[in-house]
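Engineer: Numbering of the sequence shown is given in my numbering, commencing with residue 6 and proceeding in unit increments. Glycine residues also receive a C-beta, built at the ideal position from the N, C-alpha and C atoms. Have a look at this one before I ask anything.
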Amino acid sequence: MRVAATVLGVGVLAIGPVAAYNNGVGAKPPMGWNTWCTDDVCGLIDKCSDALVRQQAAAMVSSGMSKLGYQYVNMDDCWAAQERDADGNIQPDPTRFPNGMKALADYVHSLGLKIGVYTCIGTTTCKNNLPGSFGHYEQDAKQFASWGLDFIKCDNCAKPAQYTEQELYTNFSNALNATGRPIFFSLCEWGMSDVQAWGADVGQMYRIQMDHLPFWELPTHAAGMGFGQGTFDIINYIATLTPSTFVKQYGWMDPDFLMTLFNPTMTYTYSKTEFSFWSLWSAPLVVSTNIANMPQDKMNILLNAEVIAIDQDDSHTAGDRVFNKTDGCQAWSRNLANGDKAVILLNGRTPQWIPSPSDNLTISIGWEQIGFTNQSIVAVRDLWAHANLGNFTGSFKSSSLAPADCQMLRVKCLASC
Ligand code: GLA
């Protein structure tokens with residue numbers, strides 16, 4: 006059932022939300038790249054270009070990323086011209102996109118990839134007051150489809166207060182579906198209005214909190230709302246939501262972009278742990294830092310096929326926190342489709358400027374804590390060491406982990422579970 010949007014794009018939600026998840030895309034968490042922290046410091050200026058998008062798309066292929074499932078090449082709040090044209094059509098900035106959007110989409114498609122842009126549910130975008138889509142939902146949806154776009158991220162700035170997020174995002178979803186082109190609809194309304202309850206009926210992914218900033222932990226320990234959070238703040242916030250209860254196929258929870266090795270604030274350890282958790286949650290793996298000429302350590306993170314396999318696993322669920330001890334030991338666990346489980350053991354102590362070995366933790370977990378029994382014999386594989394660690398009866402003890410570091414395991418029951 007679809008609700009036709011009115012001319013203003015603000016039709017009343019009279020019949021019920023459209024099942025946008027049924028539009029042919031989003032069967033797996035999307036993987037890709039976004040301009041956000043590549044063209045500058047995560048939106049400080051945010052001026053993407055045709056040349057940048059082509060460079061990153063080509064890198065997605067040459068780096069081997071596309072072979073592992075990365076396919077979306079997305080622009081954030083950086084591509085649109087300041088004004089709509091005389092007919093009210095949204096346009097790319099003519100200087101930075103001299104070939105227009107259709108030619109760029111054709112190029113990205115010629116590489117076997119997909120392309121997306123950003124807009125807002127309100128009247129203007131969050132930066133530079135670029136045109137938002139309010140009042141133009143149908144017109145913009147048709148324009149995006151005619152350019153051959155595959156992915157629309159819809160932000161929540163300048164939303165007229167008299168409408169709810171659910172109403173307006175539903176109307177935009179309807180307009181996209183009405184084009185007949187399968188377009189991945191990414192809701193970026195920052196976790197407002199209990200989006201877990203309805204986001205999956207309207208789009209294929211929905212942001213669960215404010216922006217992920219390229220830090221491990223912010224001094225405020227911000228959780229949930231607020232301007233933004235570090236990686237560890239997001240981990241702790243999502244623990245409170247028990248994500249396995251609502252993450253599902255075609256409706257992925259979005260903890261925001263990967264900040265992989267953002268220089269200088271995201272260390273290898275932070276980035277490795279970030280990638281582990283996003284995968285444990287079946288989250289979109291959309292990296293926002295430069296993927297051209299990546300250093301080897303960055304490739305080792307983004308190209309870890311064993312961790313990506315957890316993200317893309319047919320169980321289509323998320324892992325939840327098992328324990329969070331006062332000494333900083335955390336354990337998380339997730340069911341996998343073949344009966345295995347993914348486990349993360351995390352040292353949740355705050356990293357210090359001068360690291361001290363006394364802050365390292367060795368984390369023990371009993372198999373009964375992840376749904377097996379304390380008699381279980383379990384085969385353990387380390388997904389970052391790419392090594393089988395052996396068979397463990399009853400419990401497992403991690404290696405010595407520095408603050409913010411984690412061990413990510415795939416465990417298989419052999420007997421007595
Ligand atoms: C909001 C979003 C970010 C980004 C910016 C663009 O803050 O949450 O992800 O898209 O707007 O201005």
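Cutting at 6 Å between CB atoms, please list the residues of its own chain near Ser-338, excluding the five before and the five after it.
Structural biologist: So the list reads Gly-324, Val-327, Lys-346, Val-348, Ile-375, once near-sequence residues are dropped.
Engineer: Does DSSP classify Leu-285 as helix, strand or coil?
Structural biologist: Three-state DSSP puts Leu-285 in a helix.
Engineer: Report yes if the C-beta distance between Trp-358 and Gly-399 is below 8 Å; otherwise report no.
Structural biologist: Cβ distance not < 8 Å, so Trp-358 and Gly-399 don't count as in contact.
Engineer: Inspect the beta-carbon positions of Met-286 and Pro-260 and report whether they are closer than 8 Å.
Structural biologist: Before going on, a small fix: residue 286 reads as Trp here, not Met. Closer than 8 Å, so yes.
Engineer: Straight-line CA distance for Gly-153 to Asn-179?
Structural biologist: Computed Cα separation, rounded: 18 Å.
Engineer: Can you name the residues that DSSP bridges to Gln-214?
Structural biologist: Note: Gln-214 sits in no beta bridge, so no partner.
Engineer: Whole-angstrom Cβ separation of Lys-158 and Asn-79, contact assumed at under 8 Å?
Structural biologist: About 7 Å; that satisfies the 8 Å criterion.
Engineer: How long is the line joining the alpha carbons of Pro-356 and Asp-238, rounded to whole angstroms?
Structural biologist: Rounded to the nearest angstrom, the two C-alpha atoms are 13 Å apart.
Engineer: Ser-281 and Met-413 look like a contact to me (Cβ under 8 Å); what is the Cβ gap, rounded to whole Å?
Structural biologist: Confirmed, Cβ separation roughly 4 Å.
Engineer: Would you call the stretch 91–102 in contact with the stretch 60–68, where contact means no fewer than 3 C-beta pairs closer than 8 Å?
Structural biologist: Flag = no, the stretch 91–102 and the stretch 60–68 do not touch.
Engineer: May I ask you to verify whether the stretch 242–257 touches the stretch 296–305, counting CB pairs closer than 8 Å and requiring at least 3?
Structural biologist: No, they do not touch.
Engineer: Let me know the secondary structure DSSP gives Gly-229 once reduced to three states.
Structural biologist: Note that Gly-229 has pLDDT 48, beneath the 50 cutoff, so the model's placement of it is unreliable and the number below is only indicative. Correct three-state label for Gly-229: coil.
Engineer: Just list the residues that DSSP pairs Ala-3 with in beta bridges.
Structural biologist: Given a span of 6 to 422 for the chain in the structure shown, any question on residue 3 remains unanswerable.
Engineer: Measuring straight from C-alpha to C-alpha, what distance separates Lys-402 and Cys-418?
Structural biologist: Going by the C-alpha atoms only, they are around 16 Å apart.
Engineer: If you count every other CB in all the chains shown that lies within 10 Å of the CB of Ser-405, and 16 or more means buried, which is it?
Structural biologist: Per the 10 Å Cβ criterion, exposed.
Engineer: Kindly list the residues whose CB is nearer than 6 Å to the CB of Glu-311, restricted to its own chain and excluding five residues on each side of it in sequence; keep chain order.
Structural biologist: Around Glu-311: Leu-388.
Engineer: Using 7 Å as the cut-off, classify the Cβ of Cys-334 as near or not near the heavy atoms of the ligand GDP, replying yes or no.
Structural biologist: Looking at this structure, you won't find the ligand GDP anywhere; what it does contain is the ligand GLA.
Engineer: Quick check: what's the CA-CA separation for Lys-253 versus Gln-201?
Structural biologist: In a straight line, the C-alpha of Lys-253 is about 10 Å away from that of Gln-201.
Engineer: Helix, strand or coil for Val-200, going by three-state DSSP, please let me know.
Structural biologist: The answer is helix: DSSP assigns Val-200 an H, G or I state.
Engineer: Taking all protein chains shown into account, do 16 or more other C-beta atoms lie within 10 angstroms of the C-beta of Ile-120, making it buried, or fewer, making it exposed?
Structural biologist: Looking at its Cβ environment, which holds 16 or more other Cβ atoms inside 10 Å, Ile-120 is buried.
Engineer: For Gly-233 and Asp-81, I'd like the C-alpha separation in whole angstroms.
Structural biologist: Their Cα atoms are separated by approximately 17 Å.
Engineer: Output the distance between the C-alpha atoms of Val-122 and Gly-31, rounded to the nearest integer angstrom.
Structural biologist: Roughly 16 Å between the two C-alpha positions.
Engineer: If you scan the stretch 34–88 from start to end, which runs of the alpha helix (DSSP H) of 4 or more residues do you find wholly inside it?
Structural biologist: The qualifying runs are 55–67.
Engineer: What residue range is occupied by the uninterrupted alpha helix (DSSP H) comprising Phe-237?
Structural biologist: Phe-237 -> alpha helix (DSSP H) spans 236–246.
Engineer: Can you have a look at Gln-148 and say buried or exposed, based on whether 16 or more other CB atoms are within 10 angstroms of its CB?
Structural biologist: Gln-148 comes out buried.
Engineer: Measuring CB to CB, does Thr-236 end up less than 8 Å from Thr-274?
Structural biologist: For Thr-236 and Thr-274, no; Cβs fall outside 8 Å.
Engineer: State whether the stretch 377–393 contacts the stretch 205–223, with contact taken as three or more CB pairs (one from each stretch) at a distance under 8 Å.
Structural biologist: Segments in contact, no.
Engineer: Alpha carbon to alpha carbon, how far is Val-416 from Ala-392? Give it in angstroms, no decimals.
Structural biologist: Straight-line Cα distance between these residues: approximately 12 Å.
Engineer: Suppose contacts are defined by Cβ-Cβ distances below 8 Å. Is Lys-132 in contact with Asp-55 by that definition?
Structural biologist: Contact flag unset, no.
Engineer: Given this structure, state the Cα-to-Cα distance separating Cys-162 from Thr-175, to the nearest angstrom.
Structural biologist: If you take the alpha carbons of Cys-162 and Thr-175, they lie about 16 Å apart.
Engineer: In chain order, which alpha helix (DSSP H) runs of at least 4 residues are fully inside the stretch 79–167?
Structural biologist: Fully enclosed alpha helix (DSSP H) runs of 4 or longer: 105–115, 142–152.
Engineer: Name the two residues that bound the continuous alpha helix (DSSP H) containing Phe-177.
Structural biologist: Here the alpha helix (DSSP H) through Phe-177 covers 170–183.
Engineer: Counting only C-beta atoms, is Asp-345 closer than 8 Å to chain B at any point?
Structural biologist: Any reference to chain B falls outside this structure, which holds one protein chain only.
Engineer: Report, in whole angstroms, the separation of the C-beta atoms of Leu-366 and Cys-411, which I expect to be a contact under 8 Å.
Structural biologist: Wrong, their Cβ atoms sit about 10 Å apart, outside the cutoff.
Engineer: Am I right that Gln-214 and Pro-34 are in contact with their C-beta atoms under 8 Å? What's the rounded C-beta distance?
Structural biologist: Incorrect: roughly 17 Å between the Cβ atoms, too far for contact.
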